[in-house]
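What follows is a set of notes on a single structure, which appears directly below.
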Amino acid sequence: MNTPRGRGCWSARLAAWIGLLGACALAGCTALPRREAPPTLFSTAAPLGFDADVRFLSTDRASVERKSAASLQRLRRSSKDGTVRALVLSGGGAGGAFGAGALIGLSRGGHRPQYDVVTGVSTGALIAPFAFLGSEWDAQLTEAFTSGRGAQMSLRGLTQLPFGARRRSAALRAIVDHYVTRELVRAVAREAAKGRILWVATTDLDKEETVIWDLGVIALYEGEPARKLFRDVLVASASIPGVFSPALIHVQDAGVSYDEMHIDGNASTSLFVAPVAAYFAMLDERSLEGARVYVLINGQIMDAPATTRYQLGPIVSRTFSVALKHLSRAQVVAVNQFAEKYRMSVESTYVPFDYPRYGSADFRASTMRALFDYGVRCAQSGRLWTTLDQTMSSIASATPAFRRATVDQQVECPLRDVQFAVAGAR
Numbered sequence: 019m020n021t022p023r024g025r026g027c028w029s030a031r032l033a034a035w036i037g038l039l040g041a042c043a044l045a046g047c048t049a050l051p052r053r054e055a056p057p058t059l060f061s062t063a064a065p066l067g068f069d070a071d072v073r074f075l076s077t078d079r080a081s082v083e084r085k086s087a088a089s090l091q092r093l094r095r096s097s098k099d100g101t102v103r104a105l106v107l108s109g110g111g112a113g114g115a116f117g118a119g120a121l122i123g124l125s126r127g128g129h130r131p132q133y134d135v136v137t138g139v140s141t142g143a144l145i146a147p148f149a150f151l152g153s154e155w156d157a158q159l160t161e162a163f164t165s166g167r168g169a170q171m172s173l174r175g176l177t178q179l180p181f182g183a184r185r186r187s188a189a190l191r192a193i194v195d196h197y198v199t200r201e202l203v204r205a206v207a208r209e210a211a212k213g214r215i216l217w218v219a220t221t222d223l224d225k226e227e228t229v230i231w232d233l234g235v236i237a238l239y240e241g242e243p244a245r246k247l248f249r250d251v252l253v254a255s256a257s258i259p260g261v262f263s264p265a266l267i268h269v270q271d272a273g274v275s276y277d278e279m280h281i282d283g284n285a286s287t288s289l290f291v292a293p294v295a296a297y298f299a300m301l302d303e304r305s306l307e308g309a310r311v312y313v314l315i316n317g318q319i320m321d322a323p324a325t326t327r328y329q330l331g332p333i334v335s336r337t338f339s340v341a342l343k344h345l346s347r348a349q350v351v352a353v354n355q356f357a358e359k360y361r362m363s364v365e366s367t368y369v370p371f372d373y374p375r376y377g378s379a380d381f382r383a384s385t386m387r388a389l390f391d392y393g394v395r396c397a398q399s400g401r402l403w404t405t406l407d408q409t410m411s412s413i414a415s416a417t418p419a420f421r422r423a424t425v426d427q428q429v430e431c432p433l434r435d436v437q438f439a440v441a442g443a444r
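Residue numbering for the sequence shown follows the numbering used here, beginning at 19 and increasing consecutively.
Listed below in structure tokens is the structure:
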């Protein structure tokens, strides 16, 4: 309520939050030493021991146009039936368990094709190598998202945000290091040599731009340096600001050393099927005709209305939720427009609006196992892929008598009959 008492409560909480951040700074949460960042937007800076072709800025139109023709030819050759298939994996924190389960369910149901292109952001980046390598790696993917190893990365409540970032970052790095083995990197290299593409995104905080890393090219360098850079890029892509510490990546340009600060790719793009520059580049409009795009969003992009408490924590939390959902929806629309331009088909899936509430930074096994099992069930039954229009129709139908399911109930899968949703609402 907007009463003097309510405003006083708001002020007190705001002051407490600011004080908490100040206390963090006094306690030693100060900036760590780092070199300067590269001074130019488009540069030839590259990680030590690697060429500049291991990554590019999403907005680098010249690079996209230069590489596109050769890449598309390789993709056509790598496809088993001549149809290029792309899997687009979004961010979403703990919601990544849904995406991991969906891939396992597709394998079990016999619906999982070879994806010639796999792109990932944040938690989607952690899934991406396993999705790229196929069902032979399902055991590792299952363990990574259901073993409970990530519980120590959990964040409950905003008051924990300033504290424990280093501890949570160490846990994230240890988990990624455990699964990014030399065997995995060699397997990625073998598939990349066939022409397939594995891209993940980070956000360069100094440039304020999306960086797309070609993990296939990195894997082709082989050896421990390639494995470490592969790991570090995945860690950077998943490093949610505030929850985890930023990742510093050492680079060189013309013999000068720099440090780049990279954070969660979700800070600049929630998902991507192609670099931003490709939307404006002069590409052959028939080059991708007939390709199939699968957009797997590891979270909710729609929600039913709910009253927000007039308190700092709920307001900040809801604000972030609004921003992320709108960004995801906008980028799903952009992918659909890109696909329409190049005559590609698009299918997508999301965690439905009536799935029980969960925290995206709640990495406990109980939370992630439920999401994982839900993804398995829907994919195995053939009710995973849907469209944004169908999702919005279901929400519009259910809102008048909306009731969110509990954990004990079976939530309807993303692909659902709209008439059934109307009847259920009544």
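Where a beta carbon is used, it is the ideal one built from N, C-alpha and C, also for glycine. Being a predicted model, the structure only gives us computed values, none of them experimental.
What residue does the beta strand (DSSP E) around residue i start on, and which one ends it?
i    : result
A265 : A265 to D271
F74  : R73 to L75
T326 : No beta strand (DSSP E) contains T326, which DSSP labels as neither H nor E.
E278 : V274 to D282
L314 : R310 to L314
G138 : V135 to V139
S366 : S363 to T367
So does residue i have its beta carbon nearer than 8 Å to some heavy atom of the ligand FAD?
i    : result
K225 : As presented, the structure is devoid of all ligands, the ligand FAD included, so that no description of it is given.
On a CA-only basis, which of the options is nearest residue i? Give me that one, please.
i    : options                   : result
A143 : I258, A324 and P370       : I258
A169 : A149, K225 and A192       : A192
R304 : M320, S86, A219 and A348  : S86
M300 : P56, A80 and D372         : A80
A112 : M320, H129 and M386       : M386
V229 : D78, P56, Y328 and R208   : D78
R249 : R214, L389 and V198       : V198
V218 : R92, W403, S108 and V429  : S108
G213 : A244, D134, E161 and A146 : D134
L216 : K343, L433, L93 and E54   : L93
M171 : E161, V274, A188 and F116 : A188
A285 : E227, L306 and V269       : E227
L159 : P131, L59, F116 and L173  : F116
P131 : I145, L406, F150 and G114 : F150
Using beta-carbon positions only, say whether residue i and residue j come within less than 9 Å of one another.
i    : j    : result
T287 : V82  : no
G166 : A383 : yes
S125 : S97  : no
T137 : L289 : yes
S399 : G127 : yes
P293 : S61  : no
W155 : F163 : no
A207 : E242 : no
A256 : I267 : no
G18  : L342 : Residue 18 is absent from the model: the chain starts at 19 and stops at 444.
Y297 : A348 : no
G182 : L190 : no
A64  : A70  : yes
L90  : L306 : yes
Please report the residue range of the alpha helix (DSSP H) in which residue i lies.
i    : result
H196 : A183 to Y197
H344 : L330 to K359
D250 : G241 to S255
Y392 : A383 to Q398
S86  : R79 to S96
L433 : Segment: none, L433 is in no alpha helix (DSSP H) and carries neither H nor E.
I236 : L233 to L238
Measure how close the beta-carbons of residue i and residue j come, nearest whole angstrom, since I'm counting them as under 8 Å.
i    : j    : result
V235 : A211 : 10 Å between Cβ atoms; not a contact.
D232 : V72  : 6 Å
S339 : I319 : No, S339 and I319 are not in contact; Cβ-Cβ is about 11 Å, not under 8 Å.
V203 : R245 : 5 Å
Query raised in the report: Given 8 Å as the limit, is there contact between the segment 384 to 396 and the segment 107 to 125, that is, 3 or more CB pairs closer than that?
Result: yes
Requested in this report: Give a yes or no on contact between the segment 307 to 314 and the segment 362 to 371, applying the rule of three or more CB pairs nearer than 8 Å.
Outcome: yes
Query raised in the report: Do the segment 255 to 270 and the segment 95 to 102 touch if we need at least three Cβ pairs shorter than 8 Å?
Result: no
Query raised in the report: Counting pairs of beta carbons, one from the segment 330 to 341 and one from the segment 364 to 373, are three or more of them closer than 8 Å?
Result: no
Query raised in the report: Do the segment 276 to 293 and the segment 214 to 228 meet, that is, are 3 or more Cβ pairs less than 8 Å apart?
Result: yes
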